[in-house]
Amino acid sequence: RKEVEQDPGPFNVPEGATVAFNCTYSNSASQSFFWYRQDCRKEPKLLMSVYSSGNEDGRFTAQLNRASQYISLLIRDSKLSDSATYLCVVNSPTGRRALTFGSGTRLQVQP
Amino acid sequence: ETGVTQSPTHLIKTRGQQVTLRCSSQSGHNTVSWYQQALGQGPQFIFQYYREEENGRGNFPPRFSGLQFPNYSSELNVNALELDDSALYLCASTILAGQTYNEQFFGPGTRLTVL
Numbered sequence: 006r007k008e009v010e011q012d013p014g015p016f017n018v019p020e021g022a023t024v025a026f027n028c029t030y031s032n033s034a035s036q037s038f039f040w041y042r043q044d045c046r047k048e049p050k051l052l053m054s055v056y057s058s059g060n061e062d063g064r065f066t067a068q069l070n071r072a073s074q075y076i077s078l079l080i081r082d083s084k085l086s087d088s089a090t091y092l093c094v095v096n097s098p099t100g101r102r103a104l105t106f107g108s109g110t111r112l113q114v115q116p
Numbered sequence: 026e027t028g029v030t031q032s033p034t035h036l037i038k039t040r041g042q043q044v045t046l047r048c049s050s051q052s053g054h055n056t057v058s059w060y061q062q063a064l065g066q067g068p069q070f071i072f073q074y075y076r077e078e079e080n081g082r083g084n085f086p087p088r089f090s091g092l093q094f095p096n097y098s099s100e101l102n103v104n105a106l107e108l109d110d111s112a113l114y115l116c117a118s119t120i121l122a123g124q125t126y127n128e129q130f131f132g133p134g135t136r137l138t139v140l
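Going line by line, the protein sequences match chains A and B.
Anchor point for the first sequence: position 84 equals 89 in the numbering used here, and the numbering is continuous, going up by one each time.
Anchor point for the second sequence: position 108 equals 133 in the numbering used here, and the numbering is continuous, going up by one each time.
Right, here's the structure in full:
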């Protein structure tokens, strides 16, 4: 079983749509959670951290459910520029300090 | 831009050869991590260097090795290249301080093709 699992997509949505991505993680000791965005042939960039209380940054809302080991990202009012791969990422500060990435979910926003 | 640079940007090697990839960390960062990203996959952690010593390693064989220099820049060396080593190699720098997690900033990557 992969440590971080995501639906690979692709998600093809029209401009203005709301789209949700989900992710599950297997290590219950994980302590930090993130969504990264990766454009084609570019490096990953931090989109937002994810907190248990849920957090919002403009059109983006992230949620964490520790009991279910589940992370979500909601994008409202999708823009063409949101087209990218969204990577669910977990960091376990105990033991090896590394980021564990899911395989990513590809989003294509269409005009 | 993150301030993390990598060289070269692209590289083509043949099976069995050796390769060295380089990374310059962002100013003020003391830790460099290396990741391998195969096509269609998320990055996978190779290892991390802190104060010139390996500070954690993922599930990669010993032919993947690294170095960190006093200026915190780093090298990734891969011996006896295999076809499956073809991937984008990313380095990320951060400040390691106690248990606080600080954001890792990624370089643009080196795309390695093994023929």
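Idealized CB from N, CA, C, for every residue including glycine.
Small disclaimer: the values here were computed from a predicted structure and weren't measured.
Cβ atoms of Q36/A and F26/A stay farther apart than 8 Å, at about 21 Å.
Contact with chain B is found for A103/A, since one of that chain's Cβ atoms lies less than 8 Å from the residue's Cβ. Taking one beta carbon from each stretch, the segment 83-91 of chain A and the segment 104-115 of chain A have 3 or more pairs nearer than 8 Å; the two touch. The residue from G81/B, G132/B, E77/B and Q93/B with its alpha-carbon nearest to that of S32/B is G132/B.
Look at G41/B: its C-beta is not under 8 Å from any C-beta on chain A. The straight-line gap separating the alpha-carbon atoms of V9/A and R102/A is approximately 16 Å. A check of alpha carbon separations from T110/A across K47/A, R42/A and D62/A identifies R42/A as the nearest. Counting along the chain, L137/B sits inside the beta strand (DSSP E) bounded by residues T135 to V139. For a Cβ distance threshold of 9 Å, residue set R102, A103 and L104 of chain A lies close to S58/B, ordered along the chain.
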